[in-house]
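Structure, as structure tokens:
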Amino acid sequence: MLNLELARDMEPASYNGIPNDVLIVEDDPIIALDFEDTILGFGVKTVRSAANVAKALDMIADRPPEFALLDVSLIREKSFAVAERLEALNIPYAFVSGYGADARLPAAFATKPRLPKPYSTDALQALLKNGGIRP
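Count the sequence shown with full-length UniProt numbering and you get residues 1 to 135, in order.
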């Protein structure tokens, strides 16, 4: 019985398609807390936040997330180095921006999913479901 419980705890994604571990890279603590609260409400087990690129890269190195939300413009930096690391690890992610479709992304990231700020709860949940499970 104990082995079955351990195996169940090690499943990479929950049955509803929502990832169990999400990394939020957001420099505004109020927005990060709002994302965290909403995402936990979807049934995600762990939500971690980083306010800058260095902290996000450290968190990824320590324990890669199953999905990440990246604010494009952080204080004095862009989140593209985090996106490059996630790409190398084949971890799904989406960009978040208050500039919507007008946000300029490098060509390498032009086709990545985007979530506008402010976001709708339904759009965020759909993004996690669609991006949280790799084919």
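We put the CB at the ideal spot given by N, CA and C, even for glycine.
Opposite residue i in the DSSP bridges: which residues?
i: A68; result: L23 and Y93
i: T46; result: D21
Helix, strand or coil for residue i, going by three-state DSSP, please let me know.
i: A51; result: coil
i: D37; result: helix
i: D58; result: helix
i: M1; result: Annotation note: pLDDT 43 at M1 (below 50); position unreliable, no value reported.
Output the distance between the C-alpha atoms of residue i and residue j, rounded to the nearest integer angstrom.
i: Y99; j: A123; result: 16 Å
i: D62; j: K55; result: 10 Å
i: L33; j: S79; result: 18 Å
i: N16; j: I24; result: 20 Å
i: L115; j: G131; result: 12 Å
i: S73; j: V82; result: 12 Å
i: residue 155; j: Q125; result: Nothing about residue 155 can be reported from this structure: the residues present for the chain run from 1 to 135 only.
Can you tell which of the options has the C-alpha that lies nearest to the C-alpha of residue i?
i: F109; options: E77, S120, I75 and L70; result: L70
What alpha helix (DSSP H) runs, 4 residues minimum, are completely inside the stretch 74 to 135? 80 to 88 and 121 to 131
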